[in-house]
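Participant: Have a look at this one.
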Amino acid sequence: MTGIICGTGSYAPSYIMDNNEIATMVETSDEWIRERTGVATRHIIKGETTVSMACEAAKRALADGKVRAEEVDVIIVSTISSNVILPCTACEVQKELGAVNATCFDMSAACSGFVLAYNTALSYLSGGMYKTALIIGSESLSNLTNWKDRGTCILFGDGAGAAVMRAKEGRMYLPATHSDGIKGNALTCLSRHTPVDAGHMTDPEYYMQMDGQAVFKFAVKRVPEVVNEVLEKNQVDKEEIVWYIMHQANSRIVEAVAKRLEVPIGKFPMNLQEYGNTSSASIAILLDEMKRDGRLMSGQKIIIAGFGAGLTWGAAVLEWEP
Ligand code: ACO
Numbered sequence: 005m006t007g008i009i010c011g012t013g014s015y016a017p018s019y020i021m022d023n024n025e026i027a028t029m030v031e032t033s034d035e036w037i038r039e040r041t042g043v044a045t046r047h048i049i050k051g052e053t054t055v056s057m058a059c060e061a062a063k064r065a066l067a068d069g070k071v072r073a074e075e076v077d078v079i080i081v082s083t084i085s086s087n088v089i090l091p092c093t094a095c096e097v098q099k100e101l102g103a104v105n106a107t108c109f110d111m112s113a114a115c116s117g118f119v120l121a122y123n124t125a126l127s128y129l130s131g132g133m134y135k136t137a138l139i140i141g142s143e144s145l146s147n148l149t150n151w152k153d154r155g156t157c158i159l160f161g162d163g164a165g166a167a168v169m170r171a172k173e174g175r176m177y178l179p180a181t182h183s184d185g186i187k188g189n190a191l192t193c194l195s196r197h198t199p200v201d202a203g204h205m206t207d208p209e210y211y212m213q214m215d216g217q218a219v220f221k222f223a224v225k226r227v228p229e230v231v232n233e234v235l236e237k238n239q240v241d242k243e244e245i246v247w248y249i250m251h252q253a254n255s256r257i258v259e260a261v262a263k264r265l266e267v268p269i270g271k272f273p274m275n276l277q278e279y280g281n282t283s284s285a286s287i288a289i290l291l292d293e294m295k296r297d298g299r300l301m302s303g304q305k306i307i308i309a310g311f312g313a314g315l316t317w318g319a320a321v322l323e324w325e326p
């Protein structure tokens with residue numbers, strides 16, 4: 005028994021912020037941002053929330069998979085930037101969808117979040133606990149961004165992606181995942197609920213802070229390792245993989261991973277040019293785009309790989325079925 009993705013959906017805010025707009029806030033330029041990150045624009049919430057984007061992406065995924073809300077047994081939302089703590093984002097999605105039979109919870113694993121939500125759902129489906137799962141990555145990173153810090157504000161964007169998964173007879177591919185809390189200082193953000201003196205909201209520690217070069221080095225070393233690990237674990241050759249779908253953090257990271265793996269860059273689709281880094285939403289948004297434009301086809305083997313704060317990283321092999 006395994007689990008397959010049978011429907012995808014995504015949502016991006018209509019407001020688009022380009023690099024020139026960022027250059028009005030910090031000392032930078034369109035040229036610098038494109039060259040160092042690959043990002044040209046990002047979608048930024050104007051009225052939307054992490055919950056509203058999750059709901060919209062989820063509705064589109066259910067429609068795409070022709071799954072009724074009442075059929076969903078479990079909803080898992082991965083987010084580090086929800087507008088709600090209680091009730092959790094997944095329960096808010098349940099309410100909006102009318103997914104009355106679902107068990108709902110959120111998880112927090114930053115940019116590895118969608119891969120870990122996928123793995124969690126897969127283990128439920130393959131183990132027989134549930135038959136239908138809805139997994140969502142939704143992020144309003146603009147709320148956690150220090151718009152005065154040019155080392156980070158150029159990178160991130162907002163959006164949501166979702167996938168519906170069904171239990172099905174078939175081959176179960178084992179994922180490979182890791183965490184290293186000791187190196188967690190490379191990318192941090194204090195909770196706004198940490199008790200501190202009044203006025204704390206202006207403190208930079210309440211926004212994402214990053215040692216960019218440390219994160220870069222971590223990603224280009226660990227991602228190829230975990231991709232090779234997941235291939236070996238499942239006895240799959242890298243040539244069998246049609247698409248390597250990486251977390252969309254930075255085009256230079258994706259290019260370095262492709263080079264280290266000695267896989268043509270054409271097998272590494274990217275949409276970070278448009279969205280920036282949307283953390284746990286990025287892989288789901290890209291899957292949805294690729295499904296809609298026909299790049300993802302039945303029978304293809306693909307790899308999804310996430311990496312980010314924690315530090316956390318992981319990869320999974322999927323056989324595309326819808
Ligand atoms: N515009 C112009 N100049 C800048 C900017 C900017 N936005 N940011 C930094 N600089 C300057 C620096 O001050 C420095 O100047 P100096 O040489 O005079 O000191 C110079 O550019 C080089 O700075 P670096 O930090 O060395 O630049 P780098 O090439 O490392 O690029 C970047 C910075 C883009 C952040 C890069 O390190 C990176 O992409 N790291 C990975 C980040 C990432 O992907 N994080 C997310 C993954 S985890 C998650 O998704 C939550």
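Numbering (my numbering) for the sequence shown: 5 to 326. Each residue gets a CB set at the ideal place from its N, CA and C atoms; glycine is no exception.
Span of the beta strand (DSSP E) holding Val78?
Facilitator: Run containing Val78: Val78 to Ser82, per the beta strand (DSSP E) assignment.
Participant: The beta strand (DSSP E) that contains Ser14, what's its start and end?
Facilitator: It spans Thr6 to Tyr15 - the beta strand (DSSP E) in which Ser14 sits, taken as one unbroken run.
Participant: What three-state label does DSSP hand Ala103 in the structure shown?
Facilitator: Looking at Ala103 - three-state DSSP - the assignment turns out to be coil, as it is neither helix nor strand.
Participant: When the Cα of Gly131 is compared with those of Val30, Arg64, Ala167 and Arg175, which residue comes out closest?
Facilitator: Residue Arg175 is the option with its Cα nearest to Gly131.
Participant: Any contact of the stretch 139-150 with the stretch 271-288, i.e. 3+ C-beta pairs under 8 angstroms?
Facilitator: Touching, yes.
Participant: In terms of residue numbering, what span does the alpha helix (DSSP H) encompassing Tyr122 cover?
Facilitator: Note, Tyr122: alpha helix (DSSP H), Gly117 to Gly131.
Participant: Should Ala125 and Ile80 be called a contact, given that it needs their Cβ atoms to be closer than 9 angstroms?
Facilitator: Closer than 9 angstroms, so yes.
Participant: Return the bridge partner residues of Trp247 from the DSSP annotation.
Facilitator: Its beta-bridge partners are Ile306.
Participant: Between the stretch 25-45 and the stretch 104-122, do three or more beta carbon pairs fall short of 8 angstroms?
Facilitator: No, they do not touch.
Participant: Specify the secondary structure class of Phe272 as computed by DSSP and reduced to three states.
Facilitator: If DSSP states are grouped into helix, strand and coil, Phe272 belongs with coil.
Participant: Taking contact to mean 3 or more Cβ pairs, one atom from each stretch, closer than 8 angstroms, check whether the stretch 45-64 and the stretch 160-174 are in contact.
Facilitator: Flag = yes, the stretch 45-64 and the stretch 160-174 touch.
Participant: Taking 8 angstroms as the cut-off, is the CB of Gln239 close to at least one heavy atom of the ligand ACO?
Facilitator: No, since every heavy atom of the ligand ACO falls outside the 8 angstroms radius drawn around the Cβ of Gln239.
Participant: Measure the C-alpha to C-alpha separation of Ile26 and Thr107 and round it to an integer number of angstroms.
Facilitator: Using only the alpha carbons, I get a separation of about 40 angstroms.
Participant: I need the DSSP call for Gln277, collapsed to helix, strand or coil.
Facilitator: Helix, per DSSP.
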